[in-house]
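Numbering (my numbering), first residue to last: 1 to 261. Ideal Cβ placement from N, Cα and C applies to all residues, glycine included. Read through the structure below, which is laid out as structure tokens, and then see the notes.
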């Protein structure tokens, strides 16, 4: 037997051996966990999960309302409209979400006119600061996704709308935006999934979301593996449910394409 056939077999055997040892280690570790603690604090983790869903749902909804006009400005051929939108998108996509949260939560408190304004009772609360940071962040990413979708609308559809005498506003409402929404659905779904996972950063400013509640429970029980495993399972379930829902929405929105095939 020559080395050209022997080396791949050895590598394959080593790979399967390591995989088997890893699987055995995982199974052994799972048998050593205290599942009673996970069940006992499931209600606390559930309350944290509800706050996570609330933060993500509100920020995504408001962010979408901001993203659509921002994307239209970004796609405009007029520089004095597109450049402000570009600056906003570039700033929030080019900086970490954690930094944005800290700047809103800690930075606004350093501005005197903010502290003297009627908004201060809200801006001093971690909940509203996290919501503002999440909204501005997801709006920037969504705007860029939607901008690409607008520019990807087939030129033939736009020409057809012009040919039947549609005004620009009517064409935008009846042709461009609906078509762009269908185009951007997969990328937009990924953005919301990233927001679900990124919402864990809310725990850094004292919010008891799912991650924050998990850290609080760990401080009581000193069992980080069990609690973080339970939190990870909840995050996985949230992502799984959302993915399935979004797949249904995508299938329904593009059902005419499926029927055409």
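Going by other Cβ atoms of all chains shown within 10 Å of its Cβ, with 16 needed for buried, is residue i buried or exposed?
i, result
"residue 136", "buried"
"residue 74", "buried"
"residue 261", "Note on residue 261: pLDDT 48, under 50, position unreliable in the model; the coordinate value appears next. By the 10 Å Cβ count, residue 261 comes out exposed."
"residue 340", "Any answer about residue 340 is impossible in this case: the structure gives the chain only from 1 up to 261."
"residue 226", "buried"
"residue 240", "exposed"
"residue 155", "exposed"
"residue 118", "exposed"
"residue 40", "exposed"
"residue 164", "exposed"
"residue 134", "buried"
"residue 48", "buried"
What are the boundary residues of the alpha helix (DSSP H) that includes residue i?
i, result
"residue 139", "126–151"
"residue 59", "42–74"
"residue 199", "Segment: none, residue 199 is in no alpha helix (DSSP H) and carries neither H nor E."
"residue 230", "224–253"
"residue 84", "79–93"
"residue 106", "Segment: none, residue 106 is in no alpha helix (DSSP H) and carries neither H nor E."
"residue 220", "210–221"
"residue 164", "Where residue 164 is concerned, there is no enclosing alpha helix (DSSP H), given that its DSSP letter is neither H nor E."
"residue 121", "120–123"
Please say whether residue j and residue i have beta carbons closer to each other than 8 Å?
i, j, result
"residue 172", "residue 58", "no"
"residue 208", "residue 221", "no"
"residue 149", "residue 183", "yes"
"residue 199", "residue 56", "yes"
"residue 51", "residue 230", "no"
"residue 138", "residue 193", "no"
"residue 123", "residue 114", "yes"
Examine the Cβ distances between the stretch 137–150 and the stretch 64–78 and report whether three or more of them are shorter than 8 Å. Yes: the two stretches touch, three or more of their Cβ pairs being nearer than 8 Å.
Does the count of Cβ pairs from the stretch 240–250 and the stretch 181–196 closer than 8 Å reach three? yes
Any contact between the stretch 89–100 and the stretch 112–130? By contact I mean 3 or more CB pairs, one from each, below 8 Å. no
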